[in-house]
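Trainee: 5 is the number of the first residue of the sequence shown in our numbering; add one for each residue after it.
Quick one: structure below, then a few questions.
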Amino acid sequence: MCGIVGYFSTTTVASERIIARMADRIAHRGPDACGTWVDANKGVALAHQRLAIVDQSNAGIQPMQSQNQRFIIVFNGEIYNHISLRNDIISAGWPYSWRGHSDTETLLAGLQLWGLVDTLKRLKGMFAFALWDQKTDRLFLARDRIGEKPLYFGKAGKSFVFGSELKALKTHPEWVGEIDQTALILYLRHGYIPDPHCIYQGMNKLKPGHWIEVVDGISGEPNFYWDFNAIAASKRTTSKPLVLINELEQRLKTSVALQMQSDVPIGTFLSGGVDSSLVASLMQAQASQPIKSFTIGFEAKNFNEANEAKAIARYLGTDHTELILTEEDAFEVIPKLGKVWDEPFSDSSQIPTLLLSQMARNHVKVALTGDGADEFFCGYSRYQHNRTLLNILEYIPISARRGLASGLRDLTFSREEELDKQHFPKFFACKSRDRIHRALDILELPKNDINYMDLISLFPNPNSFIFRQPEGMASQNTHIALTKFQDVRETMMFMDTCTYLPGDILTKVDRSAMSVGLETRLPFLDHELIEYAWRLPFHVKVKNGQPKWILREVLKKYLPLGLFDRPKKGFSVPIEAWLAGPLLDWVEAMLDPHKIRQQGFLNAEAVGDLLRQHRSGQRRWHNQIWTILMFQAWLENEHIVEKNP
């Protein structure tokens with residue numbers, strides 16, 4: 005796990021000073037060492053910030069050159085099957101003199117022997133890397149299948165630049181950094197900027213499962229080596245549930261065992277939910293001593309799962325550490341968020357994730373997490389809520405929807421419990437008006453074909469909050485499910501895997517952990533496990549209304565049901581209370597209409613209306629307000645102020 009950066013220009017001389025300065029901006033990703041490689045004649049410069057996990061000797065130092073001197077690589081990530089790959093190389097009879105036992109050296113040898121695409125298909129792991137071919141003067145970039153590791157690329161003046169984080173690219177002397185209005189609209193819609201878009205014009209993220217070739221400083225079109233559409237369209241197995249439960253358990257054990265390989269101390273995040281509890285259980289079952297587990301709790305009881313996590317840790321016998329998050333802890337972190345995330349990002353669980361990473365880093369260098377299970381085993385409650393809503397909408401004519409929605413909005417209630425119990429069907433299954441208002445927003449849509457964007461958008465009409473540009477193509481999803489799923493829940497799982505998982509979840513985990521030099525590993529994202537999960541029949545994922553049924557059946561083998569059988573809380577924080585109380589002055593300063601008009605990106609009047617509706621109690625817009633605040637905080641950190649044209 006490390007940070008990489010580089011540039012390629014046919015008009016600018018490569019400079020050791022420039023690349024070293026770029027690398028220094030991401031030193032937090034790899035504080036153990038920094039290495040650079042420059043070919044001034046070819047205009048190529050590569051740099052690597054090292055977080056030494058496997059083979060901490062000098063044999064693992066990067067940039068690394070192949071044995072035949074042809075290739076130079078900078079690599080970020082972990083190849084979990086690198087030992088078996090090395091054995092394959094040895095078995096092939098290929099003459100190679102190994103210098104050490106790092107996965108980077110194995111990867112480089114494989115690239116020599118098998119070529120780029122064949123090697124990528126063999127890799128089991130998380131990665132982003134750049135490979136310079138001195139024979140053909142070509143640069144290759146590649147990213148792992150799901151998008152665990154980030155990789156930005158694009159043009160800075162006449163130079164092609166790339167790196168793990170944007171802050172490294174911004175130090176290049178040709179950097180301009182103009183905000184992309186389309187990306188800003190996408191941010192307001194999602195709360196993050198989905199691949200392949202970037203907040204800056206001319207910059208992109210390499211899509212997961214893809215690689216590109218760069219010739220003369222100009223990149224070609226991305227090529228995929230893993231086709232998720234084909235995976236999702238695979239034929240479902242007809243095996244009996246008990247057989248599937250046992251098969252899944254073995255696959256999970258294998259994935260966890262591979263990801264426990266490390267030359268440094270390792271632990272796990274434990275929230276008390278099904279996913280992290282299963283990872284912790286499988287780790288402890290395969291460990292020779294108590295594993296280290298880490299939990300973060302909250303003073304606010306409605307958001308606290310620390311006691312549940314502690315009970316699970318006690319049952320498993322882990323070496324457990326917990327941190328109870330106070331408001332002061334959170335408020336101290338908030339001003340740093342714009343610096344940690346190089347793009348606007350508004351998933352408020354970034355706060356506890358960052359604090360959890362800081363705590364864990366005091367004890368270990370690697371932590372496994374339970375992220376990724378919800379997207380493949382139908383874990384999010386919104387999957388069921390939206391399916392129920394869409395099923396009901398089929399029976400309501402479009403002509404009647406708007407009138408019905410308008411009438412329902414006019415109802416007022418003094419207590420949310422009365423709203424749930426007396427006036428709305430049980431399918432809403434929530435204690436908040438947020439979902440009900442969201443359902444009414446969908447009800448008002450003038451069409452029968454309600455799509456993924458309609459269901460997940462934070463703002464029903466995000467372009468109304470942008471000062472300059474209409475929404476245009478930003479409203480269109482950049483990922484299309486070519487497979488026609490029978491159940492809308494599968495469609496949402498597919499789309500979340502393409503957008504929400506890499507854009508939100510994996511971005512949150514990577515930036516939080518790497519900001520403090522902690523490597524995170526996600527056993528549920530083993531690509532063979534993902535392929536197996538999509539072959540499972542849907543009825544073992546959701547059974548009798550129980551999400552993630554098959555995962556729960558596996559977990560029952562390791563934990564008593566009473567320790568984990570409870571509603572999913574998520575990793576949320578009391579943003580609404582904070583915005584109305586201790587953060588009120590900060591909100592007023594960040595959303596000052598004069599400041600917003602002077603910056604020239606957001607519509608100050610639309611933002612003001614949003615605040616007024618929220619404070620009057622007409623709508624609960626705290627998540628949307630937080631999204632705008634995170635853009636403002638990011639903008640302030642970037643010191644970008646553009647006057648109105």
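The C-beta atom is built at its ideal place from N, Cα and C for all residues, glycine as well.
Just verifying my parser: in three-state terms, what is the DSSP assignment at E448?
Mentor: Start at 1 with the first residue of the sequence shown, and residue 448 comes out as number 444. Correct three-state label for E448: coil.
Trainee: Cβ of V520 within 8 angstroms of Cβ of H105?
Mentor: The sequence position of residue 520 within the sequence shown is 516, counting from 1. The sequence position of residue 105 within the sequence shown is 101, counting from 1. In this structure, H105 does not lie closer than 8 angstroms to V520 by Cβ.
Trainee: Secondary structure at K314, three-state DSSP: helix, strand or coil?
Mentor: On the sequence shown, residue 314 is found 310 positions in, with the first residue counted as 1. It is helical.
Trainee: Which runs of the alpha helix (DSSP H) at least 4 residues long sit entirely within the segment 137-174? Give them in chain order.
Mentor: 170-173
Trainee: With three or more C-beta pairs closer than 8 angstroms as the rule, is the segment 345-353 touching the segment 506-515?
Mentor: yes
Trainee: So what does DSSP say about A49, is it helix, strand or coil?
Mentor: Translated into the one-based positions of the sequence shown, residue 49 becomes position 45. A49: strand per DSSP, three-state reduction.
Trainee: Quick check: the Cα distance between D267 and I57, rounded to an integer number of angstroms?
Mentor: Counted from its first residue, the sequence shown places residue 267 at position 263. Counted from its first residue, the sequence shown places residue 57 at position 53. Their Cα atoms are separated by approximately 6 angstroms.
Trainee: Can you list, in chain order, the residues of its chain whose CB lies under 8 angstroms from that of L587, leaving out five sequence neighbours each side?
Mentor: Within the sequence shown, the letter at position 583 stands for residue 587. Correct list, in chain order: F335, I338.
Trainee: How big is the Cα-Cα spacing for G650 and V165?
Mentor: Past the edges of the chain, shown from 5 to 649, lies residue 650, and the structure says nothing about it.
Trainee: Got a sec, what are the start and stop residues for the alpha helix (DSSP H) A334 sits in?
Mentor: For this step, residue 334 is matched to residue 330 along the sequence shown. For A334, the uninterrupted alpha helix (DSSP H) run begins and ends at 331-337, by DSSP.
Trainee: Just to confirm the assignment, what range does the alpha helix (DSSP H) spanning K512 have?
Mentor: Position 508 of the sequence shown, counted from the first residue, corresponds to residue 512. Residues 510-518.
Trainee: Keeping to the same chain, check which residues put their C-beta closer than 6 angstroms to that of D378; ignore five residues upstream and five downstream.
Mentor: Position 374 of the sequence shown, counted from the first residue, corresponds to residue 378. Cβ neighbours of D378 beyond the five flanking positions: Y384.
Trainee: What residues are listed by DSSP as bridge partners for V42?
Mentor: Here residue 42 is taken as the residue at index 38 of the sequence shown, counted from 1. When beta bridges are read from the DSSP output, V42 appears opposite A49.
Trainee: Where does the unbroken beta strand (DSSP E) through Y11 begin, and where does it stop?
Mentor: For the purposes of this step, residue 11 is identified with residue 7 of the sequence shown, where counting begins at 1. That run of the beta strand (DSSP E) goes 6-12.
Trainee: Mapping the DSSP letters down to three states, classify F381 as helix, strand or coil.
Mentor: Translated into positions along the sequence shown, residue 381 becomes position 377. Note: F381 maps to helix in three-state DSSP.
Trainee: Could you compute how far the alpha carbon of N72 sits from the alpha carbon of Q388?
Mentor: As a first step, residue 72 is located in the sequence shown; it is residue number 68 there, counting from the start. As a first step, residue 388 is located in the sequence shown; it is residue number 384 there, counting from the start. The straight-line gap from Cα to Cα measures roughly 55 angstroms.
Trainee: Can you tell me the Cα-Cα spacing of A261 and G407, whole angstroms?
Mentor: For the purposes of this step, residue 261 is identified with residue 257 of the sequence shown, where counting begins at 1. For the purposes of this step, residue 407 is identified with residue 403 of the sequence shown, where counting begins at 1. Distance between the alpha carbons of A261 and G407 is about 57 angstroms.
Trainee: Between K174 and the rest of its own chain, which residues show a CB-CB distance below 7 angstroms, the 5 nearest in sequence each way excluded?
Mentor: For this step, residue 174 is matched to residue 170 along the sequence shown. These residues qualify, in order along the chain: G181.
Trainee: In this structure, how does DSSP classify T322 when only helix, strand and coil are distinguished?
Mentor: Looking up residue 322 in the sequence shown gives position 318. Under the three-state reduction of DSSP output, T322 falls in the coil class, being neither helix nor strand.
Trainee: In the DSSP assignment, the alpha helix (DSSP H) including F273 goes from what residue to what residue?
Mentor: The count along the sequence shown starts at 1 and reaches residue 273 at position 269. Premise fails: F273 lies in the beta strand (DSSP E), 270-273, not in any alpha helix (DSSP H).
Trainee: Pair every Cβ in the segment 579-586 with every Cβ in the segment 599-606, then say whether three or more of these pairs are closer than 8 angstroms.
Mentor: The answer is no - the segment 599-606 does not touch the segment 579-586, with fewer than three Cβ pairs under 8 angstroms.
Trainee: How about V651 and R525: are their beta carbons less than 8 angstroms apart?
Mentor: Here the chain has residues from 5 to 649 only, and residue 651 is not among them.
Trainee: Only counting the same chain, and skipping five residues up and downstream in sequence, which positions put a Cβ closer than 8 angstroms to that of C202?
Mentor: Against the sequence shown, residue 202 aligns to sequence position 198. For C202, where only same-chain residues beyond five positions count, the Cβ hits under 8 angstroms are Y156, G158, L170, D184, A187, N208, K209, E347.
Trainee: Taking Cβ positions, are Y536 and Q263 nearer each other than 8 angstroms?
Mentor: Residue 536 sits at position 532 when you count from the first residue of the sequence shown. Residue 263 sits at position 259 when you count from the first residue of the sequence shown. Cβ atoms of Y536 and Q263: not closer than 8 angstroms.
Trainee: Given a threshold of 16 other Cβ atoms within 10 Å of its Cβ, counted over all protein chains shown, does I95 qualify as buried or as exposed?
Mentor: As a position in the sequence shown, residue 95 is number 91, starting the count at 1. Just to set this straight, residue 95 is Ser in the shown sequence, not Ile. With fewer than 16 other Cβ atoms within 10 Å, it is exposed.
Trainee: So what's P35 in DSSP terms, helix, strand or just coil?
Mentor: Looking up residue 35 in the sequence shown gives position 31. Residue state, collapsed to three classes: strand.
Trainee: What do you get for G411, buried or exposed, if any count of 16 or more other CB atoms within 10 angstroms of its CB means buried?
Mentor: Stepping through the sequence shown from its first residue, residue 411 is reached at position 407. The residue in question, G411, is exposed, as its Cβ has fewer than 16 Cβ neighbours within 10 Å.
Trainee: Assuming R126 and G114 are in contact, meaning their beta carbons sit under 8 angstroms apart, how far apart are those beta carbons, in whole angstroms?
Mentor: Within the sequence shown, numbered from 1, the residue matching residue 126 stands at position 122. Within the sequence shown, numbered from 1, the residue matching residue 114 stands at position 110. Confirmed, Cβ separation roughly 7 angstroms.
Trainee: Quick one, are the C-beta atoms of T40 and S163 less than 8 angstroms apart?
Mentor: Here the question's residue 40 lines up with position 36 in the sequence shown. Here the question's residue 163 lines up with position 159 in the sequence shown. Pairing T40 with S163 gives a Cβ-Cβ distance that is not under 8 angstroms.
Trainee: Going by other Cβ atoms of all chains shown within 10 Å of its Cβ, with 16 needed for buried, is L595 buried or exposed?
Mentor: Along the sequence shown, one-based indexing puts residue 595 at 591. With 16 or more other CB atoms across the displayed protein chains lying within 10 angstroms of its CB, L595 is buried.
Trainee: Can you name the start and end residues of the beta strand (DSSP E) that E217 belongs to?
Mentor: Locating residue 217 in the sequence shown gives position 213, where the first residue counts as 1. It spans 214-219 - the beta strand (DSSP E) in which E217 sits, taken as one unbroken run.
Trainee: Consider the Cβ of E609: report whether some Cβ of chain D lies at a distance smaller than 8 angstroms.
Mentor: Included in the structure is just one protein chain, with no chain D present.
Trainee: Which same chain residues, not among the five before or five after P564, have their C-beta less than 7 angstroms away from its C-beta?
Mentor: As a working mapping, residue 564 is identified with position 560 in the sequence shown. Here the set comprises nothing.
Trainee: Between the alpha carbons of I446 and S259, how many angstroms are there, rounded?
Mentor: Start at 1 with the first residue of the sequence shown, and residue 446 comes out as number 442. Start at 1 with the first residue of the sequence shown, and residue 259 comes out as number 255. In a straight line, the C-alpha of I446 is about 40 angstroms away from that of S259.
Trainee: Which residues does DSSP list as the beta-bridge partners of P551?
Mentor: Within the sequence shown, residue 551 is the residue found at index 547, counting from 1. For P551, which the question treats as bridged, DSSP gives the partners V546.
Trainee: Out of H618, T123, P527, state which residue places its alpha-carbon closest to the alpha-carbon of K257.
Mentor: Against the sequence shown, residue 257 aligns to sequence position 253. When each option's Cα is compared against that of K257, the closest is P527.
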